[in-house]
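*Asks:* So for the sequence shown, the working numbering puts the first residue at 1413; every next one is plus one.
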Amino acid sequence: MTPRAATRIERSARDTEQEADDELVRRLAQRLGYIFVRDLSEFPVDPVAWDLIPPRVIRRLQVVPIGFESDVLVIATADPTNVVALDDIRAITGRELKVLVARTLEIKEVIARAETLDRSAETSLEEAAAITQDEPEGHREVLAGEAPIVKAINQIITKAVHQRASDVHIEPREGDVRIRFRIDGVLSEAMRTRKSLIAGLNSRLKIMANLDIAEKRLPQDGRLTVIVAGRAVDLRLATLPTAWGEKIVLRILDTSGGVQKLSELGFDDHSLDVYRQAISRPHGAVLLTGPTGSGKSSTLYATLDEINSPTRNIVTVEDPVEVRILDVTQMQVNRKSGLTFATALRSILRADPDVVMVGEMRDHETAKIAIEAALTGHLVFATLHTGDASSAIGRLVEMGIEPLLVASAVDCIVAQRLARRLCTKCAETYQPTPEILHINGFPHEPDDATATLRRAVGCNACAGTGYRGRIAIVEVLRVSPEIQRLTAEGHRPEEIREQAMTEGMRTLRRDGFQKTLEGLTSIEEMLRVVG
C-alpha cells in the first residue's frame, strides 16, 4: 500500500468517526428538544453576551455565550443534560436560555480563542516591538505593513470593541507607549508596549485612514471601517503631535447598533412628557446641550426614530453619521470639499424638508440658518455645548442671534449627562450618614427613610468596576410664555433657570439625586458627572 493510499484511508476513518460522533450528539439534542450545531464558527460570538458570564464559569461549565434573541440568551454546550450548569447560568445572567448543542471539541476551540484574545494583543505588540527595536528611527515607518503591526492593530481594536470601549488612546511617553480604553465614560489602562513601536502603529493607522504618514507636525483626522466579529465598526481617527511623538485617538462608532427608544434613555415621566410635546409640534427648535460624550447624539437618534413616518421628509447633517436610520436622509460634513454645516443646511432647506437635524451649531451662520428655519415652518433639532439648559439661550445670543428670534424659535432645551449605571450583580444597599447627605447637598431630610442608596462593589460581570452601562441624567426646559418674555428682554440665564424651576423643571443635580434614590447609580458617580 502506498503512503498516499494509507493517508486516504486514515483520513476516511477519521471522517467516519467524526460523522458517528456528530450523529450521537445530534440525536441527544433532538431527544432533549435542542438544536444541534455542527459548526460553531457560523455563529459569531456577541461580546456583550460573552461578558455576561465570568471567564472562570465559562471554563468550568464549558459553555459558549453566543448572543441574544430578544431578551433570551443563546448559549452552546456539549452537555445539555447538565441542568445544574444551565440553572447556574440562568442565575448568573438573570436571563432565560436558548440552548444549542455542539461537539466538545468545538466548544473548547471557541473558549480557547476567546481566552487568547486579551493575550494576543500584548503578544503582537511584543513581536512588533522586537522587530522595530533595532531599526533606525527613520526606517521604522516601512514596517507598518508587516504582519506583527497589522495583527497588533487588529487585536487592539477587537479587544476595545469586546470591552465596549468608546475610545482608544495610543499615547507615546518618555519610555513606553500606553494604550487606554474609555469604557462607560472613564479611561483605564489596557496595555503598554515599547516606545520603538509607536511609529509603526501610527503609520499603519494613518494608511488605513488615508492620511499623510509623512506629516507628523500637524494634527490630522480621518475615518476607517473595520469588521469585528462579523459587524461593521466605524472608527474616527485623530492625531495629536506631542512632546514624545504623535498620539492617536480612535473613536469607536458601532454602526450595526440599533437606535434606543426614548423611554429607555433615563427621562423621568414628567420630563419625557414635556419633551414629547415639543417634538410633536410641526415647527420650532429643540436644542440638546452638554459636553462631548454626554449622549446628545443617542437622544437625537431616538427622537428621530420616534417621529419618523412616511409622511415626513427628515434630513440630517452630521459629523459623522454614527447610526443609520431607515427612511431618514443623512448627510455627512466634508470640510475638505467645502461641505460644512452651514452649506449643507442651506441645501437641505431647498429640498423640501419637514424635519431638520443639525449635528452641532458652532458658528453664527449655522445658528442663524437653523433658527430662521424653525421660524419658517420646520422642526429643527440641534446640539450646543453648554453647561445647562438655560445657558443655551445665552449661547445663541452670544453667537449673534437676536434675543427676540431665540424666544420665538426655541420650544424646548434638554441638558444631558451620562452617568455609569451600577452593576446589577454586585451593587450593595447602604444607609448614608446625615453628614454625608448634608455635605453633598442631598435634597432630602437626613432622617428621610427613603434615603437608602446603593454603591459600587465590583465583580466579574463588571470587570471589578462596580458599574456596567450608562444612564442619562437630564433637565428639560420648556420655553413657556414667561420664559419667552425673559429671553426677549435679554434676562440672564440664571433668571431664566429660576423661572424654569418655578414652573417644575427638574435640574441635572436633582435628577441625578433621584436616580441615586432609585438605585440606578451611586452618589459618587452622580457627583462626578454633574458636580
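Beta carbons are placed, not taken as given, at the ideal position from N, Cα and C, and that holds for glycine.
Quick one: Cα of Lys1510 to Cα of Pro1492, how far?
*Replies:* If I take the Cα positions, the gap works out to 11 Å.
*Asks:* State whether the segment 1686-1698 contacts the segment 1773-1788, with contact taken as three or more CB pairs (one from each stretch) at a distance under 8 Å.
*Replies:* The segment 1686-1698, when compared against the segment 1773-1788, does touch it at the 8 Å Cβ threshold.
*Asks:* Going by alpha carbons, who is nearest to Arg1450 out of Leu1512, Gln1926 and Glu1508?
*Replies:* Closest by alpha carbon: Leu1512.
*Asks:* Would Phe1816 and Ile1781 qualify as a contact pair, given that the criterion is a beta-carbon distance under 8 Å?
*Replies:* Note that residue 1816 is Leu in the sequence shown, not Phe. Result no, Cβ atoms of Leu1816 and Ile1781 do not sit closer than 8 Å.
*Asks:* Tell whether a beta-carbon distance below 8 Å holds between Gly1902 and Ala1839.
*Replies:* Not a contact, by the Cβ cut-off of 8 Å.
*Asks:* Check each candidate in Asn1720, Thr1711 and Ser1749 and name the one with the smallest Cα separation from Glu1734.
*Replies:* That would be Thr1711, whose Cα lies nearest to the Cα of Glu1734.
*Asks:* Note the first and the last residue of the continuous alpha helix (DSSP H) segment covering Gly1806.
*Replies:* Here the alpha helix (DSSP H) through Gly1806 covers Ser1803 to Glu1810.
*Asks:* Can you give me the Cβ contacts of Ala1804 inside the same chain, cut-off strictly under 6 Å, excluding the 5 residues immediately before and after it?
*Replies:* These residues qualify, in order along the chain: Leu1699, Thr1701, Leu1796, Thr1798 and Ile1825.
*Asks:* Taking the straight line between their C-alpha atoms, what separation do you get for Leu1498 and Arg1882?
*Replies:* Between Leu1498 and Arg1882, the C-alpha separation is close to 29 Å.
*Asks:* Mapping the DSSP letters down to three states, classify Thr1489 as helix, strand or coil.
*Replies:* Strand at Thr1489.
*Asks:* Considering Gly1924, what are the terminal residues of the alpha helix (DSSP H) in which it resides?
*Replies:* Note, Gly1924: alpha helix (DSSP H), Leu1920 to Leu1929.
*Asks:* Could you tell me the boundaries of the beta strand (DSSP E) in which Tyr1879 lies?
*Replies:* Per DSSP, Tyr1879 belongs to the beta strand (DSSP E) from Tyr1879 to Arg1890.
*Asks:* Would you mind reading off the limits of the alpha helix (DSSP H) that contains Arg1616?
*Replies:* Looking at the DSSP string, the run of the alpha helix (DSSP H) that includes Arg1616 is Ile1610 to Met1620.
*Asks:* For His1581, list the residues DSSP reports as bridge partners.
*Replies:* In the DSSP output, where bridge partners are listed per residue, His1581 has Arg1592 and Val1661.
*Asks:* Considering only C-alpha positions, which residue in the set Glu1906, Trp1462, Tyr1713 and Arg1833 is nearest to His1574?
*Replies:* Per the Cα distances, Trp1462.
*Asks:* Would the segment 1712-1725 and the segment 1805-1814 be scored as touching if the rule is three or more Cβ pairs under 8 Å?
*Replies:* The segment 1712-1725 is not in contact with the segment 1805-1814.
*Asks:* Just reading off the alpha helix (DSSP H) that Ala1912 is part of, what are its end residues?
*Replies:* From DSSP, the alpha helix (DSSP H) with Ala1912 extends over Pro1905 to Thr1914.
*Asks:* Can at least three beta-carbon pairs, one atom from the segment 1561-1575 and one from the segment 1636-1648, be found at a separation below 8 Å?
*Replies:* With a cut-off of 8 Å, the segment 1636-1648 and the segment 1561-1575 count as touching, because enough Cβ pairs lie within range.
*Asks:* Using 8 Å as the cut-off, can you tell me whether the segment 1669-1684 makes contact with the segment 1649-1659, which would need three or more C-beta pairs spanning the two stretches below that distance?
*Replies:* No, the segment 1669-1684 does not touch the segment 1649-1659.
*Asks:* Any contact between the segment 1887-1897 and the segment 1602-1619? By contact I mean 3 or more CB pairs, one from each, below 8 Å.
*Replies:* They do not touch, by the three-pair rule.
*Asks:* Touching or not, the segment 1582-1602 and the segment 1679-1686, by the rule of three or more beta carbon pairs under 8 Å?
*Replies:* The segment 1582-1602, when compared against the segment 1679-1686, does not touch it at the 8 Å Cβ threshold.
*Asks:* Between Val1554 and the rest of its own chain, which residues show a CB-CB distance below 6 Å, the 5 nearest in sequence each way excluded?
*Replies:* Caution applies to Val1554, whose pLDDT of 33 falls short of 50 and renders its modelled position unreliable; the value that the coordinates give is listed next. Nothing meets the Cβ criterion.
*Asks:* DSSP three-state call for Ser1600: helix, strand or coil?
*Replies:* In this structure, Ser1600 counts as strand in the three-state DSSP scheme.
*Asks:* Based on Cα-Cα distance, which residue from Arg1736, Ser1759, Glu1730 and Asp1739 lies nearest to Val1745?
*Replies:* The residue with the shortest Cα to Cα distance from Val1745 is Glu1730.
*Asks:* Excluding the 5 residues flanking Asp1739 on each side, which residues of the same chain have their C-beta closer than 7 Å to its C-beta?
*Replies:* Correct list, in chain order: Asn1720.
*Asks:* Leaving out five residues on either side along the sequence, give the residues of the same chain with a beta carbon under 6 Å from the beta carbon of Tyr1687.
*Replies:* So the qualifying residues of the chain are Val1888.
*Asks:* Could you have a look at Gln1575 and say whether DSSP puts it in helix, strand or coil?
*Replies:* Coil at Gln1575, not helix or strand.
*Asks:* DSSP on Met1566, reduced to helix/strand/coil?
*Replies:* Contrary to the premise, residue 1566 reads as Asn rather than Met in this sequence. The answer is helix: DSSP assigns Asn1566 an H, G or I state.
*Asks:* When you measure from the CB of Ala1611 to every non-hydrogen atom of the ligand SAM, does any distance come out below 7 Å?
*Replies:* You won't find the ligand SAM in this model; it holds no ligand whatsoever.
*Asks:* What residue range is occupied by the uninterrupted beta strand (DSSP E) comprising Lys1510?
*Replies:* Unbroken beta strand (DSSP E) run through Lys1510: Leu1509 to Val1513.
*Asks:* Distance, Cα to Cα, Val1661 vs Ser1578?
*Replies:* Taking the straight line from one Cα to the other gives about 10 Å.
*Asks:* Can you grab the Cα-Cα spacing for the pair Ile1504 / Ala1875, in whole Å?
*Replies:* The alpha-carbon atoms of Ile1504 and Ala1875 are separated by roughly 15 Å.
*Asks:* For Leu1630, name the three-state secondary structure that DSSP assigns.
*Replies:* Correct three-state label for Leu1630: coil.
*Asks:* Mapping the DSSP letters down to three states, classify Arg1724 as helix, strand or coil.
*Replies:* It is coil, neither helix nor strand.
*Asks:* Gly1587: which of Arg1606, Gly1707 and Thr1933 sits nearest, CA to CA?
*Replies:* Gly1587 has its Cα closest to that of Arg1606, out of Arg1606, Gly1707 and Thr1933.
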